[in-house]
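Q: The structure under discussion is supplied below as structure tokens; questions concerning it will follow.
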Amino acid sequence: MELVKVFGGGRSRSEVWLLVLALLVGFGGHLCAADDIVHDDTLAPSHPGCPNSFTLVKVRNWVAAQEEPEVVDVGARFGTLITDHEQEAHNGPLAKLDPEDGCTNSNKTLVGFAALVRRGNCDFTTKARVAQKAGAVALLVVNDKQELYRTVCSDNDTFQDITIRSVMLPKAAGNNLEDALNLNEEVRVLLYSPRRTLIDITEVFLIVC
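FYI, the numbering used here numbers position 103 of the sequence shown as 125, with every residue one higher than the one before it.
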């Protein structure tokens, strides 16, 4: 397939290659960063109960029954692996833990809910244990930065007791979900990790190469 045909016959070949270059510059850094997240596990602490590879996770979310843009985040090193089949993923309500950092026992039960917490003040595994004890089926940690971030295990501990599925959300996406909860909107989430985690970006490169 010719590039001119892909982008439309009204463009010259030089204009098309300029578009290709712009796409490579615009997406290349994100593609490499995502690839590092999925594959570069060797430097992260690995302990009993902490065997998971880092994978990109897609989070579908609904606010007041209206589906919002899908969020891409990173699965945790610990806990149950997130399914790669969307049809098998748990679709359930989201609620904030109390306290919101998830560092001490929750003041409310969250049976059947996914729990939303803020990053900071304690280890990720502590937050997972607190959410799990409260009955939550999943943990979503809101990052204090926009970048994707690995959710690792702390040193000098074992983690076989942690079964809850956990992910780290970029700051903006997490803030949007929290804002909706603060307005008493019903928020639902569905987490899954498709095998082709880079499918959207990869398809762009397949078109232009």
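Note that the Cβ used here is the ideal one computed from N, Cα and C, for glycine as well.
(1) By Cβ distance below 6 angstroms, which residues in the same chain neighbour E90 in space, the five residues on each side in sequence not counted?
(2) Would D95 and P216 be called neighbours here (beta carbons separated by less than 8 angstroms)?
(3) Grouping DSSP H, G and I as helix and E and B as strand, with all else coil, what is A156?
(4) Can you give the Cα-Cα distance for L119 and L78, rounded to whole angstroms?
(5) Taking DSSP as the reference, what is the three-state secondary structure of K193?
(6) In whole angstroms, give me the CA-to-CA distance for D145 and A87.
(7) Which partner residues of G22 appear in the DSSP bridge assignment?
(8) Are the Cβ atoms of Y116 and R187 separated by less than 8 angstroms?
(9) If you compare alpha carbons, which of L132, T131 and E122 is closest to V164?
(10) Exposed or buried, which one is N74 when buried takes at least 16 other CB atoms within 10 Å?
(11) Specify, as a first and last residue, the run of the beta strand (DSSP E) that K118 falls within.
(12) Starting from the Cα of V133, find the closest Cα among F100, L161 and A194 and give me that residue.
(13) Closest to R140 by C-alpha separation, out of T147, G124, F100 and T131, would be which residue?
(14) Quick one: Cα of T148 to Cα of A111, how far?
(15) Compare the C-alpha of I104 against each of K130, N206, F76 and V152 and name the closest.
(16) What is the DSSP secondary structure of K80, reduced to helix, strand or coil?
(17) Can the beta-carbon of N113 be found closer than 8 angstroms to that of L199?
(18) Please go through the same chain and pick out, in chain order, the residues whose beta-carbon is closer than 8 angstroms to the beta-carbon of L203, but skip the five residues on each side of it.
(19) Tell me where the beta strand (DSSP E) around A86 begins and ends.
(20) Could you check if G142 is buried or exposed, using at least 16 other CB atoms within 10 Å of its CB as the buried criterion?
A: Straight from the coordinates:
(1) N83
(2) no
(3) coil
(4) 24 angstroms
(5) helix
(6) 33 angstroms
(7) No answer is possible for residue 22: the residues shown for the chain start at 23 and end at 231.
(8) A small fix is needed here, since residue 116 is Leu in this sequence, not Tyr. The answer is no: Cβ separation not under 8 angstroms.
(9) E122
(10) buried
(11) N113 to K118
(12) L161
(13) G124
(14) 24 angstroms
(15) F76
(16) strand
(17) no
(18) L116, A117, K118, L138 and V209
(19) Taken as a continuous stretch (DSSP letters only), A86 belongs to no beta strand (DSSP E), as it is neither H nor E.
(20) exposed
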